[in-house]
Amino acid sequence: MFGLLLLLIPFGLFALAPIWLTNPQGDWDVWMYYGYFHHLFQFSDHYIWPGNAYIGTRLAYFLPGHFLYLISGDNYYKLTFNIGVCYTAIILSFYYVVRTYMPLRVAVSVSLLLATDFYFLRSIGWDYVDKGVLTYEMLTLACLTAARNESRRSLMTVAAGFFATCMIFVHLASAIVFPLLFIYSGFVVQNARSLRDWGKHLLRVVICGTIGALIAQALFGTLMVVLHGGDFFFIMKQIGVVQANVSGWNAQLAALVARGYWITVPLAALVGAAVGLAAKRFRGTTSRFETFWLWAVVGLYGVMFTGEVTGKLWLLSRDGMHSTILAPFSMIAFGILLFRSQFRGMVAMTLVVFGSAFLVRVWIGDGAGLSRYVSLSMPTLGILMGLLLAASFAISKVRATIAAMVLIGLLSAFNPGHFADDRAVRAVHARIVEVSNGKLPSLFYDRADPQLYFIWSVLASFTDRALVTSRETYPTLRDGLTKGDIAVIAGSNGPSEDEARATLLKYARAVRTVATFENGGVRFHVFEVEEAQ
Numbered sequence: 003m004f005g006l007l008l009l010l011i012p013f014g015l016f017a018l019a020p021i022w023l024t025n026p027q028g029d030w031d032v033w034m035y036y037g038y039f040h041h042l043f044q045f046s047d048h049y050i051w052p053g054n055a056y057i058g059t060r061l062a063y064f065l066p067g068h069f070l071y072l073i074s075g076d077n078y079y080k081l082t083f084n085i086g087v088c089y090t091a092i093i094l095s096f097y098y099v100v101r102t103y104m105p106l107r108v109a110v111s112v113s114l115l116l117a118t119d120f121y122f123l124r125s126i127g128w129d130y131v132d133k134g135v136l137t138y139e140m141l142t143l144a145c146l147t148a149a150r151n152e153s154r155r156s157l158m159t160v161a162a163g164f165f166a167t168c169m170i171f172v173h174l175a176s177a178i179v180f181p182l183l184f185i186y187s188g189f190v191v192q193n194a195r196s197l198r199d200w201g202k203h204l205l206r207v208v209i210c211g212t213i214g215a216l217i218a219q220a221l222f223g224t225l226m227v228v229l230h231g232g233d234f235f236f237i238m239k240q241i242g243v244v245q246a247n248v249s250g251w252n253a254q255l256a257a258l259v260a261r262g263y264w265i266t267v268p269l270a271a272l273v274g275a276a277v278g279l280a281a282k283r284f285r286g287t288t289s290r291f292e293t294f295w296l297w298a299v300v301g302l303y304g305v306m307f308t309g310e311v312t313g314k315l316w317l318l319s320r321d322g323m324h325s326t327i328l329a330p331f332s333m334i335a336f337g338i339l340l341f342r343s344q345f346r347g348m349v350a351m352t353l354v355v356f357g358s359a360f361l362v363r364v365w366i367g368d369g370a371g372l373s374r375y376v377s378l379s380m381p382t383l384g385i386l387m388g389l390l391l392a393a394s395f396a397i398s399k400v401r402a403t404i405a406a407m408v409l410i411g412l413l414s415a416f417n418p419g420h421f422a423d424d425r426a427v428r429a430v431h432a433r434i435v436e437v438s439n440g441k442l443p444s445l446f447y448d449r450a451d452p453q454l455y456f457i458w459s460v461l462a463s464f465t466d467r468a469l470v471t472s473r474e475t476y477p478t479l480r481d482g483l484t485k486g487d488i489a490v491i492a493g494s495n496g497p498s499e500d501e502a503r504a505t506l507l508k509y510a511r512a513v514r515t516v517a518t519f520e521n522g523g524v525r526f527h528v529f530e531v532e533e534a535q
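Position one of the sequence shown corresponds to residue 3 (the numbering used here), numbered consecutively onward.
Rendered as structure tokens:
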């Protein structure tokens, strides 16, 4: 029954507030992944910038998404893939892990915290790769938990190695959790009586995990060569990009403090866990599972926050695209600290309080929530939540738990985010696809256009192979326009069809109009080149 409840949560939230299952306008990365779901095996003969070559290597994420897109279409693939596959795998794996070590009521309540978390649901709702990382991450954790059983330990560890490798294939930054997963693989063993026993077990983890990793490499390396015309050791492209660009991905600390509200929950988990571990009252009162995860949260987030401050890591930057991969760990810490005292109706109250907090944020300003009326800084929200978690744990009384739940839920409603309706972008993408006969369109646009973010979203929806151009010049086309090419002129302040044609005739002798339409406040003129220069 509780498993069914967890599975129904996103459908209920979608019915009440469908805007969370969308892609934000202007986010180039998110729309590129949308494009790969739609055009995975198209456009491979077109030029791609070397700095973007790593994006198409994420077959462990693209293949299931593309397959379900082909089956369910643009209007429903997010229900089948985002929720039906990714959310289901994440939440059931998470519930399995926490239920193994926690009482039923606590396990369900902790799972509800994750299922109603704003930025976790944003990860599920959009097409960025963080939910791909989360999917393989939680499958890995579930397999390692299942390896507690001696009879299936080797098989589950091979599976864990496979999923952990897929996690890294999806995004190299997920390697930050790899040491934690390895340590956890030793934690789950209950019958080790000596260092020699631990050594034998960890050796088996390394051997079986390596077998799983080799299977993943063989599978996706072969698929990359056969289906995508890429390299067998495709992960090297991701490694090269990180080595070249990592120093430029950090946000300024002042900017994170001012607008980095995706860090609120990680900060709260860090503060609550640190205070909990430091307080004398907690010593000797936590289980092995609880102690492990409190230290894990302090270690992981301590490294991430320190790296951000020193400019060495960027996982908390970039609108929380990467910090969400640790959302399940935050919620385990929340559950350990918050639900120290159980009570009848705790599951229902968790759903009502935190589900309502999510809906309030979505219904008021498409994510702004109560911050539209009163703005609280990110550090204020995070530290207050963390102290409430620690207080609930320290007091260990039902009334304290209830009070902390209500206050944390209220503070959550002040923690802003943003969702945006993406139907106009998807409609433009579909219209251009309809008239392009499978060809990659080239877009002309004005970088000063007030609707630039909308135009960028359309451009990125044709993957990173789409040629970035401007309306006045054509600086990035290496070979010019050739016969049969599709060119699109886009602008919110025009141009007229005749003006658009005149612009294109600088680069072709003859063009014909394929379509002219307007959407999202932008006019689009689609032409086919009949004669090249």
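All residues carry an ideal CB built from backbone N, CA and C; glycine is no exception.
Quiz item: Span of the alpha helix (DSSP H) holding R290?
Solution: R290 -> alpha helix (DSSP H) spans R290 to T312.
Practice problem: Could you please give me the residues that DSSP links to H527 through a beta bridge? | Solution: I491 and T518
Quiz item: Quick one: what does DSSP say L483 is sitting in, helix, strand or coil?
Solution: coil
Quiz prompt | Where A370 sits in the DSSP three-state scheme | solution = coil
Quiz item: What's the gap between the Cα of S196 and the Cα of L204?
Solution: 13 Å
Quiz prompt | One or two residues paired with S1 in a DSSP bridge | solution = Within the shown structure, residues of the chain are numbered from 3 to 535, placing residue 1 beyond reach of any answer.
Quiz prompt | Any 3 or more C-beta pairs closer than 8 Å across the segment 146-161 and the segment 306-320 | solution = no
Quiz prompt | Complete beta strand (DSSP E) runs within the segment 399-458 (minimum length 3 residues, chain order) | solution = 444-446
Quiz prompt | Own chain, CB closer than 8 Å to G214, minus 5 neighbours either side, in chain order | solution = T159, V160, A161, A162, G163, F164, F165, A166 and T167
Practice problem: Return the bridge partner residues of V513 from the DSSP annotation. | Solution: DSSP lists V531 as the bridge partner or partners of V513.
Quiz item: What did DSSP end up calling N151 once you bin it into helix, strand or coil?
Solution: N151 sits in coil when the DSSP states are folded into three classes, being neither helix nor strand.
Exercise. Classify R261 as helix, strand or coil using the three-state DSSP reduction.
Key: helix
Quiz item: Looking at C-beta atoms only, is the number of pairs between the segment 137-144 and the segment 357-364 that lie closer than 8 Å three or more?
Solution: no
Quiz item: Going by C-alpha distance, which of S319, R198 and H431 is nearest M34?
Solution: For M34, the closest alpha carbon among the candidates S319, R198 and H431 is that of H431.
Quiz item: Taking the C-alpha atoms as reference points, what is the distance between D466 and V243?
Solution: 15 Å
Quiz item: In the structure shown, what three-state DSSP assignment does F39 receive?
Solution: For F39, the three-state secondary structure derived from DSSP is helix.
Practice problem: Tell me where the alpha helix (DSSP H) around M351 begins and ends. | Solution: M348 to W365
Quiz item: Anyone know if the C-beta pair for R514 and E532 falls short of 7 Å?
Solution: Result yes, Cβ atoms of R514 and E532 sit closer than 7 Å.
Quiz prompt | Selected residue, minimal CA-CA separation from A517, among S438, L143 and Y97 | solution = Checking every option, the nearest Cα to that of A517 belongs to S438.
Quiz prompt | Range of the contiguous alpha helix (DSSP H) that encloses G384 | solution = Segment M380 to I397, the alpha helix (DSSP H) holding G384.
Quiz item: Using the C-alpha atoms, what's the distance from S343 back to D31?
Solution: 43 Å
Quiz item: Taking three-plus beta-carbon pairs below 8 Å as touching, is the segment 70-84 in contact with the segment 35-42?
Solution: yes
Quiz item: Do you know whose CA, among F222, P443 and G304, lies nearest L65's CA?
Solution: F222
Quiz item: To which residues of the same chain is L390 closer than 6 Å at the C-beta, ignoring the five residues directly before and after it?
Solution: A406, L409 and I410
Quiz item: From what residue to what residue does the alpha helix (DSSP H) around G28 run?
Solution: No alpha helix (DSSP H) contains G28, which DSSP labels as neither H nor E.
Quiz item: Considering only C-alpha positions, which residue in the set M387, W365 and W458 is nearest to F421?
Solution: F421 has its Cα closest to that of W365, out of M387, W365 and W458.
Quiz item: How do the segment 13-24 and the segment 118-131 stand: do at least 3 beta-carbon pairs fall below 8 Å, yes or no?
Solution: yes
Practice problem: For W51, I'd like the list of residues in its chain whose CB is within less than 6 Å of its CB, leaving aside the five on either flank, ordered along the chain. | Solution: Any answer about W51 is weak, because its pLDDT of 49 lies below 50 and its placement is not dependable; what the coordinates show is given next. Taken in chain order, the list of residues that qualify is empty.
Quiz prompt | Alpha carbon of A489 to alpha carbon of F43, nearest angstrom | solution = A straight line joining the alpha-carbon of A489 with that of F43 spans about 21 Å.
Exercise. Would you tell me roughly how many angstroms separate the C-alpha atoms of T471 and F456, rounded to the nearest one?
Key: Any answer about T471 is weak, because its pLDDT of 47 lies below 50 and its placement is not dependable; what the coordinates show is given next. Looking at the two C-alpha atoms, the distance is approximately 15 Å.
Quiz prompt | Reduced DSSP secondary structure (H/G/I, E/B, other) of S557 | solution = Given a span of 3 to 535 for the chain in the structure shown, any question on residue 557 remains unanswerable.
Self-check item: Y375 - containing alpha helix (DSSP H), residue span
Solution: No alpha helix (DSSP H) contains Y375, which DSSP labels as neither H nor E.
Quiz item: Could you give the residue range of the alpha helix (DSSP H) that holds Y56?
Solution: Per DSSP, Y56 belongs to no alpha helix (DSSP H) and is neither H nor E.
Quiz item: What three-state label does DSSP hand S187 in the structure shown?
Solution: S187 falls in the helix class under three-state DSSP.
Quiz item: In whole angstroms, what is the alpha-carbon distance linking V300 and L339?
Solution: Across the structure, V300 and L339 are spaced so that their CA atoms are roughly 13 Å apart.
Practice problem: Could you check the C-alpha separation between L461 and S444 for me, to the nearest Å? | Solution: Rounded to the nearest whole angstrom, the C-alpha separation of L461 and S444 is 9 Å.
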